[in-house]
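Visitor:
Numbering (the numbering used here), first residue to last: 547 to 1104.
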């Protein structure tokens, strides 16, 4: 899988930093032996010899070595933080593009989860969970030292570690299913809430708030139930782990005292063994407390690899020159994203460059679907749409975008200025923005606004009327130098002045030889088109010159 290869490539780039962190972790854990050695020397040597010089030397040495340990730990934490940032920067653009592609295919629930997964992995890399994984392999170092103090103490320490590892395993076994269920419920509740907020006006107007709130609350109750079970399980296991650790540390102290009474162990070794056991168990204890983060990161990694595998990196292609706008459909079958039932069935047609095509037909006949297929927004089930001979749905959208203009049936403007929206949020070219606005007949309307082209229109252009949104959307479609334009119901919200501006814009497109598809129920649009396509039930019933189609239509009515 190429996605696994991408992941391995990223991990290979991190190999040297990870090896350096492993070396740092070894040095840090080696230096953490110093407090135990200091206690051992103080109890067994300084107190018996009453040598103040030895005490001073040991203290200075301890201070110096602990300063080195602290510096190494700080460096390690900073490196981990930067690794997390590097990881985010390595995948953020790729994941954004892939999530956007899925959203274009109808997977609107995916982006929030994907970006949450990326954040979860970054936080894991920079957090305590990865530190615990770095420190855990060095726990046997402390066990070896305890064995050197006394074999019985070593066996007790080994048994203590087995107990805590068993608790960690039980924690993983019992909480992982609950975490997966909680994540699924939380994502569903968030997606539902966001979807309802987008239609707040309709919900409020029709009195649907109570019904939707009850549905959302039902999902929340399920989520709270799972979260409560997860919190209870975590509290129980966490408490059990803390109890076991305190009991085991006290137990090794008691066992050490018994060995001191038997004369087989010094009092300094007894204290040192207790401290060393604490250090040996600390990474395991940290693993238990960080298990939620570790398990979440592991699940996020699997989901991200699956996401990347679903959209492999596109093979770079030779950039083609600006197309003339010739459109060819070959055995075209199209379904809505995520569905297999075709909306368009076996369409074959050709449109010469610079032709103005009117698409008419009853609701549900597939007119808007054809517009999306012509632009390559919807990928065909079979067949293809070719722009100047090249399959448009296989082209890089960043390359195709400047060549096309699109005004969807539901005009979506974005939070920003009018100029930014017309310029498609690229670098604003003022002459081009003004030219597009004039061609759409919206220039004077914009100048009458408080800040003109700098007027902020809010999310989804909510400060504008439906007609204003549609006319600014038309200017956006005409911006730049598009060779192919699709206008879906461009006059559904227009008044008489807007209708006249639209007809003038269509005449200009015709004169400038821009291939244009106009989907409309209004017959006045047909006055300016070259050809008319009549659709019904996902098929083309008639596709001929305008005058011929209108002549046949009049004859049928007569």
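Glycine included, every Cβ here is placed at the ideal spot set by N, Cα and C.
Shortest alpha-carbon distance to residue 941 belongs to which of 925, 999 and 883?
Guide: As a first step, residue 941 is located in the chain shown; it is residue number 395 there, counting from the start. The option with the nearest alpha carbon to residue 941 is 925.
Visitor: Expressed to the nearest angstrom, what Euclidean distance is found between the alpha-carbon atoms of residue 1039 and residue 769?
Guide: As a working note, residue 1039 is residue 493 in the chain shown. As a working note, residue 769 is residue 223 in the chain shown. Going from the Cα of residue 1039 to the Cα of residue 769 covers about 42 Å.
Visitor: CB residue 702 to CB residue 811, shorter than 7 Å?
Guide: Taking the chain shown and counting its residues from 1, one reaches residue 702 at position 156. Taking the chain shown and counting its residues from 1, one reaches residue 811 at position 265. Not closer than 7 Å, so no.
Visitor: Does DSSP put residue 1003 in a helix, in a strand, or in coil?
Guide: To locate residue 1003, count along the chain shown from 1; it is residue 457. Of the three classes helix, strand and coil, the one that applies to residue 1003 here is coil, per DSSP.
Visitor: Closer than 7 Å by C-beta to residue 1074: which residues in its own chain qualify, once you throw out the five before and the five after it? Chain order, please.
Guide: By 1-based counting over the chain shown, the position of residue 1074 is 528. Around residue 1074: 902, 1049, 1052, 1053 and 1056.
Visitor: Tell me which residues share the same chain as residue 1108 and place their Cβ nearer than 6 Å to its Cβ, disregarding the 5 neighbours each side in the sequence.
Guide: Residue 1108 is absent from the structure shown; the chain starts at 547 and stops at 1104.
Visitor: Go through its chain and collect everything with a Cβ distance to residue 623's Cβ below 7 Å, but skip five positions before and after it.
Guide: Translated into the one-based positions of the chain shown, residue 623 becomes position 77. Once the five neighbours on either side are set aside, residue 623 has no close Cβ partner at all.
Visitor: Can you name, in chain order, every residue of its own chain whose Cβ lies under 8 Å from the Cβ of residue 896, other than the five neighbours on each side?
Guide: Indexing the chain shown from 1 puts residue 896 at position 350. The residues 872, 873, 874 and 875, in chain order, have a CB closer than 8 Å to that of residue 896 in the same chain once the five nearest residues on each side in sequence are set aside.
Visitor: Taking residue 958 as the reference, give the member of 1014, 998 and 913 with the closest Cα.
Guide: Position 412 of the chain shown, counted from the start, is the residue given in the question as residue 958. Closest by alpha carbon: 1014.
Visitor: Quick check on the DSSP output: what are the complete alpha helix (DSSP H) runs of length 4 or more inside the region 895-936, in order along the chain?
Guide: Taking 4 residues as the minimum length, the alpha helix (DSSP H) runs contained wholly in the region 895-936 are 913-921, in order along the chain.
Visitor: Reducing DSSP to helix, strand and coil, say where residue 988 ends up.
Guide: Counting from one through the chain shown, the residue named residue 988 turns up at place 442. It is coil, neither helix nor strand.
Visitor: Can you name the start and end residues of the beta strand (DSSP E) that residue 971 belongs to?
Guide: Stepping through the chain shown from its first residue, residue 971 is reached at position 425. Here residue 971 belongs to no beta strand (DSSP E), and DSSP marks it neither H nor E.
Visitor: With the cut-off set at 7 Å, would you say residue 573 and residue 618 are in Cβ contact?
Guide: The sequence position of residue 573 within the chain shown is 27, counting from 1. The sequence position of residue 618 within the chain shown is 72, counting from 1. Yes, the pair counts as a contact, with Cβ atoms nearer than the cut-off.
Visitor: Applying the criterion that 16 or more other CB atoms from any shown protein chain within 10 Å of the CB defines a buried residue, is residue 555 buried or exposed?
Guide: By 1-based counting over the chain shown, the position of residue 555 is 9. Result: exposed.
Visitor: Give a yes or no on whether the C-beta atoms belonging to residue 695 and residue 575 are separated by under 7 Å.
Guide: As a first step, residue 695 must be located in the chain shown, where it is residue number 149. As a first step, residue 575 must be located in the chain shown, where it is residue number 29. No, these two residues do not count as a Cβ contact at 7 Å.
Visitor: Mind checking whether residue 982 and residue 992 have CB atoms under 7 Å apart?
Guide: Within the chain shown, residue 982 is the residue found at index 436, counting from 1. Within the chain shown, residue 992 is the residue found at index 446, counting from 1. It is not a contact, given that the beta carbons lie outside the stated cut-off.
Visitor: Give me the Cβ distance between residue 1024 and residue 994, rounded to the nearest whole Å; I'm assuming they're in contact under 8 Å.
Guide: Reading the chain shown from its first residue, position 478 is the one you call residue 1024. Reading the chain shown from its first residue, position 448 is the one you call residue 994. That belief does not hold up - the Cβ atoms of residue 1024 and residue 994 are roughly 20 Å apart, past 8 Å.
Visitor: Assuming the contact rule is C-beta atoms closer than 8 Å, residue 1001 and residue 964 should be a hit. Round their C-beta distance to whole Å, please.
Guide: By one-based count along the chain shown, residue 1001 stands at place 455. By one-based count along the chain shown, residue 964 stands at place 418. 5 Å between Cβ atoms; contact.
Visitor: Could you give the DSSP three-state label for residue 960: helix, strand or coil?
Guide: Start at 1 with the first residue of the chain shown, and residue 960 comes out as number 414. Coil at residue 960, not helix or strand.
Visitor: Given a threshold of 16 other Cβ atoms within 10 Å of its Cβ, counted over all protein chains shown, does residue 1103 qualify as buried or as exposed?
Guide: Start at 1 with the first residue of the chain shown, and residue 1103 comes out as number 557. At residue 1103 the pLDDT is 49, less than 50, meaning the model places this residue with poor confidence; the figure from the coordinates comes in the next sentence. Looking at its Cβ environment, which holds fewer than 16 other Cβ atoms inside 10 Å, residue 1103 is exposed.
Visitor: DSSP three-state call for residue 1009: helix, strand or coil?
Guide: In the chain shown, the residue the question calls residue 1009 occupies position 463. If DSSP states are grouped into helix, strand and coil, residue 1009 belongs with coil.
Visitor: For residue 934, collect the residues of the same chain with a Cβ closer than 7 Å to its Cβ; drop the 5 residues on either side in sequence, then sort them by chain order.
Guide: As a first step, residue 934 is located in the chain shown; it is residue number 388 there, counting from the start. Once the five neighbours on either side are set aside, the close Cβ partners of residue 934 are 869, 870 and 872.
Visitor: Over what stretch of residues does the beta strand (DSSP E) that includes residue 879 continue unbroken?
Guide: Taking the chain shown and counting its residues from 1, the one referred to as residue 879 is at position 333. First-last of the beta strand (DSSP E) with residue 879: 873-881.
Visitor: Just to confirm the assignment, what range does the alpha helix (DSSP H) spanning residue 760 have?
Guide: Here the question's residue 760 lines up with position 214 in the chain shown. 755-807 is the extent of the alpha helix (DSSP H) around residue 760.
Visitor: Using DSSP with H/G/I as helix, E/B as strand and the rest coil, what is residue 821?
Guide: Stepping through the chain shown from its first residue, residue 821 is reached at position 275. Residue state, collapsed to three classes: helix.
Visitor: Starting from the Cα of residue 887, find the closest Cα among 894, 578, 912 and 588 and give me that residue.
Guide: As a first step, residue 887 must be located in the chain shown, where it is residue number 341. Here the closest residue by C-alpha is 912.
Visitor: Could you tell me which of 889, 577 and 928 sits nearest to residue 914, measuring between CA atoms?
Guide: Numbered from 1 along the chain shown, position 368 holds the residue referred to as residue 914. Per the Cα distances, 889.
Visitor: DSSP has residue 995 in a bridge; who is on the other side?
Guide: Here residue 995 is taken as the residue at index 449 of the chain shown, counted from 1. DSSP lists no partner for residue 995.
Visitor: Does the distance from the C-beta atom of residue 685 to that of residue 569 stay below 7 Å?
Guide: Here the question's residue 685 lines up with position 139 in the chain shown. Here the question's residue 569 lines up with position 23 in the chain shown. It is not a contact, given that the beta carbons lie outside the stated cut-off.
Visitor: Which residue marks the beginning of the beta strand (DSSP E) containing residue 574, and which one marks its end?
Guide: Numbered from 1 along the chain shown, position 28 holds the residue referred to as residue 574. First-last for residue 574: 561-577, but that is the alpha helix (DSSP H), not the beta strand (DSSP E).
Visitor: Please return the same chain residues whose Cβ sits closer than 8 Å to the Cβ of residue 764, not counting the five positions on each side in sequence.
Guide: Walking along the chain shown from the start, residue 764 turns up at place 218. Once the five neighbours on either side are set aside, residue 764 has no close Cβ partner at all.
Visitor: Could you tell me which residues DSSP pairs with residue 1061 in its beta bridges?
Guide: Translated into positions along the chain shown, residue 1061 becomes position 515. The partner list for residue 1061 (beta bridge, DSSP) reads 1030.
Visitor: Kindly give me the distance between the Cβ atoms of residue 916 and residue 952, rounded to whole angstroms, as I take these residues to be in contact under 8 Å.
Guide: By 1-based counting over the chain shown, the position of residue 916 is 370. By 1-based counting over the chain shown, the position of residue 952 is 406. That belief does not hold up - the Cβ atoms of residue 916 and residue 952 are roughly 13 Å apart, past 8 Å.
Visitor: Ignoring anything shorter than 4 residues, give me the alpha helix (DSSP H) runs that lie fully in the region 1073-1097, in order along the chain.
Guide: none
Visitor: If we count Cβ pairs, one from each stretch, closer than 8 Å, do we get three or more for the region 813-833 versus the region 577-587?
Guide: yes
Visitor: Does DSSP classify residue 668 as helix, strand or coil?
Guide: The sequence position of residue 668 within the chain shown is 122, counting from 1. If DSSP states are grouped into helix, strand and coil, residue 668 belongs with the helices.
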